[in-house]
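Residue numbers (full-length UniProt numbering), protein chains in the order written: chain Z, 1 to 138; chain C, 1 to 547.
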């Protein structure tokens, strides 16, 4: 049913992603699909990496580790954005096209009052992506 | 499937650059969490100290307005008058330093590594650096300064073309006209842009090439080493937040006054706190939308719109005014600037102290106190340019645009003053009485369709403020988040609103704006030393990059 699963990851808070990562891995196993881990960073140094290529390397390492742990074919796709705090949604939506994913598995918080002002990324991706989206609550 | 990278607006993997090895991890001193549903990720203690200090200062100026006013004006006077030679000499060093960078081999170094490609097109880049760097000043001083320097301030002792009782002295006209333009161009040309270029280059280099956080303290790494992550750095960043916020708040207040004066001039809107508070609220609301839309969807878009409208107004004044005369003024003004550049920038033994201390020294202190904000913003959007390209585009091109702007607005105004002194509205508002907010509208009054162009003028003043306010909020947010450019958006909203609130409070207090402006300018003195050290740090950093 699905051949490529895209999983957006925030490397700064990878510890909070457990459920979504697990969910994506099980789905991939069941479907025989591969997983692409997508990360978005700014060009300026961040807590994760000091340069964009450093970020890409760390994301690739993360993907490799996930692949080893779950035995699934895993790769990574690093995206550099001018202003990740506001441009995350369009960046992820473009990444869906670029990776050719047919399913997105994305972690999201339980909606609260702030979501009326700043809709969650998971919610926006689900609303706008042309592929299927599975929003995993943490 | 292989690991891939996608550069949305930012191209392929960058070549190796000389990343500085430091134990410091960006965000290691940050506290993150949430207030109710809103997340935050702030630097401890920069966020807390600068926030509290700003509140304390506002309370001080409100509680003891006279004492605060006296303290700040004393500080201001002693800084601009006592250190005029220092400001002038330092600014000359910045210009020479930038020119040296253009011609020496280090000019080839690329910000972001050898294979980096520019984040923005020339137009978008240029629009943003211009809107953040000067924008509003051009509206406020474009008419005022050329006329004032021609007739009142007498730079380099060039005499006024008017006698005390307002009679024209024909033989003084030619020289005074040239000096009016040259002195104005001097204040808006190479020197201010060199000041911005130094700060911007330092930040871009240490952040994009050396991998240090995008915050002011990083430029001091070559000097202070790992100490920049401690109190030294906290003080530097806090000072930068301080100068930026108060600079923005005071400008927001003055901008509201100019827009109010314009609205009064055109529509008869009463001048007073109500209209100005409404204007600040309006400007802040638009800025808020802009920061929420982010760098590309908000700040860049508004800057481009702004540039477009400003260009239209410039072309209108150029073609409706005496075109040939203006073009001659442009060439003459530029020529006079180049000829008088050295005498005007001479820091010692000047006889025109009124001009040097009252204008030049004030301006240099002002540009320098704005430089952390403008420099950091320019740095953020300049990745992928070579040092040479960067300096040419941040130093030479904006200077030329300023020359053109001043020649057109100042040229038309001077022409109006000289051709019919008795009825000239500009003469009435600038020479006979000193009414800066009205000078632009007085000049437009002398041209056709002044009703429409004045409205455009008001809109431009407002939009220029929005672009300063939104880019300022981004900068303060990044500094107070320890250099993180992806901190939660509610923080930007906080700073944007805080800025507007401080401006309103100061506007409502008697003399609050003036005294804080004096204080901001006083921060120019320590920052001048900071900038001089930055030149050395840049040189060291670029040499390492090249090796």
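Note that the Cβ used here is the ideal one computed from N, Cα and C, for glycine as well.
Predicted model, so just to flag it, every value in this text is computed and none were measured.
#1: Can you tell me whether residue 423(C) is buried or exposed, with buried defined as 16 or more other CB within 10 angstroms of its CB?
#2: Would residue 119(Z) pass as an interface residue toward chain C - the criterion being a Cβ-Cβ separation below 7 Å?
#3: Can you list, in chain order, the residues of its chain whose CB lies under 8 Å from that of residue 306(C), leaving out five sequence neighbours each side?
#4: Taking Cβ-Cβ distances shorter than 8 Å, what residues in chain Z pair up with residue 501(C)?
#5: Between the stretch 196 to 229 of chain C and chain Z, which residues of the former have a C-beta closer than 8 Å to a C-beta of the latter?
#6: I'd like the list of long-range same chain contacts for residue 369(C), defined as Cβ closer than 7 Å, with 5 residues on each side in sequence excluded.
#7: In the structure shown, what three-state DSSP assignment does residue 133(C) receive?
#8: Give me the DSSP bridge partner(s) of residue 37(Z).
#9: Give me the Cα-Cα distance between residue 116(Z) and residue 290(C), rounded to the nearest whole angstrom.
#10: Pull up the distance between the alpha-carbon of residue 446(C) and that of residue 412(C), whole angstroms please.
#11: So, with DSSP's three-state summary, where would you put residue 125(Z)?
#12: Would DSSP call residue 295(C) helix, strand or coil?
#13: Are the C-beta atoms of residue 46(Z) and some chain C residue less than 7 Å apart?
#14: Given residue 495(C), which residues of its chain have a CB within under 6 Å of its CB, disregarding the five upstream and five downstream residues?
#15: When you compare the CB of residue 43(Z) with every CB in chain C, is at least one pair closer than 7 Å?
#16: Going along the chain, which residues of its own chain have a beta-carbon closer than 6 Å to the beta-carbon of residue 304(C), five neighbours each way excluded?
#17: Between residue 489(C) and chain Z, is the shortest Cβ-Cβ distance under 7 Å, so that the two count as touching?
#18: Is the beta carbon of residue 49(C) sitting closer than 7 Å to the one on residue 238(C)?
#19: Any contact between the stretch 94 to 107 of chain Z and the stretch 63 to 74 of chain Z? By contact I mean 3 or more CB pairs, one from each, below 8 Å.
#20: Going by other Cβ atoms of all chains shown within 10 Å of its Cβ, with 16 needed for buried, is residue 276(C) buried or exposed?
#21: Between which two residues does the alpha helix (DSSP H) carrying residue 317(C) extend?
#22: Hey, residue 63(Z) and residue 75(Z): beta-carbon distance below 7 Å or not?
#23: So, with DSSP's three-state summary, where would you put residue 191(C)?
#24: How many Å lie between residue 190(C) and residue 399(C) at the Cα?
#25: Compare the C-beta of residue 163(Z) with all C-beta atoms of chain C and state if any pair is closer than 7 Å.
#26: Quick one: what does DSSP say residue 26(C) is sitting in, helix, strand or coil?
#27: Does the count of Cβ pairs from the stretch 382 to 392 of chain C and the stretch 162 to 173 of chain C closer than 8 Å reach three?
#28: For residue 99(C), which of 391(C), 506(C), 442(C) has the nearest alpha-carbon?
#29: What residues from chain Z crowd round residue 119(C), counting only those whose CB sits closer than 8 Å?
#30: Would you kindly work out how many angstroms separate the C-alpha atoms of residue 497(C) and residue 288(C), rounded to a whole number?
#31: Which residue or residues does DSSP assign as beta-bridge partners of residue 39(C)?
#32: For residue 486(C), go through chain Z and note every residue whose CB falls closer than 7 Å to its CB, in chain order.
#33: Measuring only between beta-carbons, confirm whether residue 13(C) sits less than 7 Å from chain Z.
#34: Once the 5 residues before and after residue 31(Z) are set aside, which same chain residues still bring their CB inside 7 Å of it?
#35: Considering only the alpha carbon of each residue, which of 122(Z), 114(Z), 129(Z) lies closest to residue 97(Z)?
#36: Can you tell me the Cβ-Cβ gap for residue 457(C) and residue 440(C), rounded? I've got them flagged as a contact below 8 Å.
Let me spell this out:
#1: exposed
#2: no
#3: 127, 131, 135, 460, 463, 464, 467
#4: What residue 501(C) touches in chain Z: nothing, since even the nearest Cβ is about 19 Å away.
#5: 207, 208, 211, 212, 213, 214
#6: 243, 247, 520, 521, 523, 524, 527
#7: helix
#8: 7(Z), 76(Z)
#9: 18 Å
#10: 9 Å
#11: helix
#12: helix
#13: yes
#14: 473, 476, 477
#15: yes
#16: 127
#17: yes
#18: yes
#19: no
#20: buried
#21: 301 to 320
#22: yes
#23: helix
#24: 6 Å
#25: No information on residue 163(Z) is available, as it lies outside the stretch 1 to 138 that chain Z covers here.
#26: coil
#27: no
#28: 391(C)
#29: 43, 82
#30: 8 Å
#31: 34(C)
#32: 42, 46, 84, 85
#33: Per-residue confidence for residue 13(C) stands at a pLDDT of 34, beneath the threshold of 50, marking its modelled position as unreliable; no derived number is given.
#34: 1, 2
#35: 129(Z)
#36: 6 Å
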